[in-house]
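Undergrad: Residue 307 in our numbering sits at position 312 of the sequence shown, and the numbers go up by one each step.
Each residue gets a CB set at the ideal place from its N, CA and C atoms; glycine is no exception.
It should be emphasised that the depicted structure is a prediction, and the values quoted were computed from it without experimental measurement.
Pasting in a structure now, in structure tokens, and then I'll have a few things to ask.
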Amino acid sequence: MKVYSGLAGIPVVKSSISYIDGQKGILEYRGIPIHELVENSNFLEVSYLLIFGKLPSKKEYKKFVDDIKESLFLDEAIINFLKDIPSDTHPMKVLQSIVPILATFDKNKDVLDEKHHYSAAVNLLGKVPTIIANWKRISEGNPPVYPDKSLSYAENFLFMLTNSLPDKKIADMFDKCLILHAEHTINVSTFTAIVVVSTLADFYSAVSSAVGSLSGRLHGGANERVFYMLNEIEDESKIEDFIREMLNKKERIMGFGHRIYKTYDPRAKIIKQFLNEISKIKGVSNLYKKALKFEEIGLKYLKEKHIYPNIDFFTAVFYNYLGIPPQFYTCIFAMARISGWIAHCKEYLKDNKLFRPTQIYDGGHNIHYVPFEKR
Ligand code: COA
């Protein structure tokens, strides 16, 4: 028997939610190329597409968006709970711990019932952005900003986060970043979600576990570290030495490389265009300049190994432009990925099988207990 370390390359599900061709740099959601969705759609419509398997009719779309807007608000008990958490707690930890509490307020408890899938989707898509934004305000010692239903999904999030109305063009680009984060086949956090739901635990448990899984620096946590990495470099003249030193020490360059993409990440390409656009509105920031130079030099060393910048490399710079503190970057990834996690949980339950891999035991046998005094 062979151990499939990290399950690399082992199919564990049949899925029609998304498709990646890592050699050609193709990403599709329900068969639609990602750039077409970014050009024509918005995050909530894409969420519907992922979760329900088709583009919504006007009526279905309106109901979905209205239901999500209704669920933007948090129960005061949750806001009070946030106020009691130590202010230096990482936002991903806060998110991971609040998500299961949302289940308490959902009357549709049966994970096998479609009603649970719908209400969990609507609740999580509605309330997670509010949790993140409220936590930012509360952890900085400010009162939370309540949701504004008259704003678009992205505008409302940025409004709650910063207490000021965002530029429409910038909010639109942010919405498209959410589209790009929404789904990515069976990555580790999505796998975590379906493993949890295979036990028939509810969608809130699945999403909370997925948030924990996403927080690691080899997965969603990379974008936060990209910021620290770029920030640590004094100026562009030091980039080459920095990269060489990291590679000599066999350290991973954050925001570079991908398990599946062995060419340029198509999502990174789109966010790079957004950076070009936002730099025209807000000016060319130091971080942006450094990132472009870093990419150029990084590719000089890594391209031959098929290692390219990934989505996290450029979102770190984009979110910095929006004035978002780095510890919140992975939360934004999580708030978008809810759609993908829910879509996969819903799909997996159609033909559920409890996950139970096996192991190759390599310990001893018939070893006898030794009392403390004889150890
Ligand atoms: N920086 C430097 N070297 C890297 C690298 C990186 N970011 N990513 C991979 N490599 C190198 C490895 O050191 C290894 O080199 P070797 O063959 O000389 O030992 C080789 O590429 C293959 O590494 P492996 O770990 O097998 O690749 P992987 O496909 O499993 O790695 C990631 C995928 C994402 C884990 C990896 O690229 C990484 O750690 N990236 C940084 C974190 C990150 O940005 N994560 C977000 C992903 S969206």
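(1) Alpha carbon to alpha carbon, how far is Tyr283 from Pro124? Give it in angstroms, no decimals.
(2) Could you tell me the distance, in whole angstroms, from the CA atom of His339 to the CA atom of Phe367?
(3) Using the beta-carbon count (16 or more within 10 Å), is Asp236 buried or exposed?
(4) Quick check on the DSSP output: the alpha helix (DSSP H) that includes Leu97 runs from which residue to which?
(5) Per the DSSP calculation, Asp230 is bridged to which residue(s)?
(6) What do you reckon, is the C-beta of Asp236 under 7 Å from a heavy atom of the ligand COA?
(7) When you compare the CB positions of Tyr364 and Glu178, do they come within less than 8 Å of one another, or not?
(8) Following the continuous beta strand (DSSP E) through Leu448, name the residue where it begins and the one where it ends.
(9) Can you tell me which of the three DSSP states Asp236 falls into?
(10) Where does Ser0 sit, in a helix, a strand or coil, going by DSSP?
(11) What number of angstroms, rounded off, separates the C-alpha of Phe403 from the C-alpha of Cys172?
(12) Which residue wins for smallest C-alpha separation from Gly215, given the options Leu146, Leu242 and Cys326?
(13) DSSP state of Ile355, grouped into three classes?
(14) Exposed or buried, what is Lys341 when buried is set at 16 or more other beta-carbons lying within 10 Å of its beta-carbon?
(15) Any heavy atom of the ligand COA closer than 7 Å to the CB of Arg247?
(16) Buried or exposed for Gln91, please, with buried defined as at least 16 other CB atoms from any protein chain shown within 10 angstroms of its CB.
(17) With DSSP as the reference, identify every bridge partner of Ser13, one or two as the case may be.
(18) What is the rounded straight-line gap between the Cα of Ile133 and the Cα of Ile63?
(19) Is it true that the CB of Ala128 sits closer than 8 Å to the CB of Trp336?
(20) Looking only at its chain, what residues have a beta carbon closer than 7 Å to the beta carbon of Ile46, apart from the 5 residues adjacent to it on each side?
(21) Roughly how many whole angstroms lie between the Cα atoms of Leu195 and Phe251?
(22) Contact between the stretch 76 to 92 and the stretch 145 to 152 is defined here as three or more beta-carbon pairs at a separation below 8 Å; is this criterion met?
(23) Among all the DSSP beta bridges, which residues are the ones paired with Pro304?
(24) Can you give me the C-alpha to C-alpha distance between Ile96 and Lys9, rounded to a whole angstrom?
(25) Quick check: what's the CA-CA separation for Ser184 versus Val7?
(26) So Phe328 and His176 are in contact, right, with Cβ under 8 Å, and what is the actual spacing, rounded?
(27) Excluding the five sequence neighbours on either side, which residues of its own chain have a C-beta within less than 6 Å of the C-beta of Tyr199, listed in chain order?
(28) Let me check understanding here. Comparing Cα to Cα, which of Phe186, Arg247, Gly293 and Glu291 lies closest to Gly1?
(29) I'd like to know whether the C-beta atoms of Ser204 and Phe350 end up nearer to each other than 8 Å.
(30) Does the CB of Met330 have a neighbour CB from chain C at under 8 Å?
(31) Consult DSSP for Gly215 and reduce its assignment to one of helix, strand or coil.
(32) For a quick check, are the C-beta atoms of Thr258 and Lys19 less than 8 Å apart?
(33) For Asn118, which of helix, strand or coil comes out of DSSP?
(34) Between the alpha carbons of Pro51 and Ser210, how many angstroms are there, rounded?
(35) Comparing C-alpha positions only, which one of Ile238, Ala311 and Asp83 sits nearest to Ser280?
TA: According to the data block:
(1) 26 Å
(2) 49 Å
(3) exposed
(4) Pro86 to Leu97
(5) Asp230 is not bridged to any residue.
(6) no
(7) no
(8) Shown here, the chain extends from -4 to 370; a query on residue 448 therefore has no answer.
(9) helix
(10) helix
(11) Given a span of -4 to 370 for the chain in the structure shown, any question on residue 403 remains unanswerable.
(12) Cys326
(13) coil
(14) buried
(15) yes
(16) buried
(17) Tyr24
(18) 23 Å
(19) no
(20) Ala116, Ser334, Ile337, Ala338 and Lys341
(21) 36 Å
(22) no
(23) Phe251
(24) 31 Å
(25) 14 Å
(26) 5 Å
(27) Val94, Pro95, Leu97 and Ala98
(28) Phe186
(29) no
(30) The structure shown contains no chain C, having only a single protein chain.
(31) coil
(32) yes
(33) helix
(34) 31 Å
(35) Ala311
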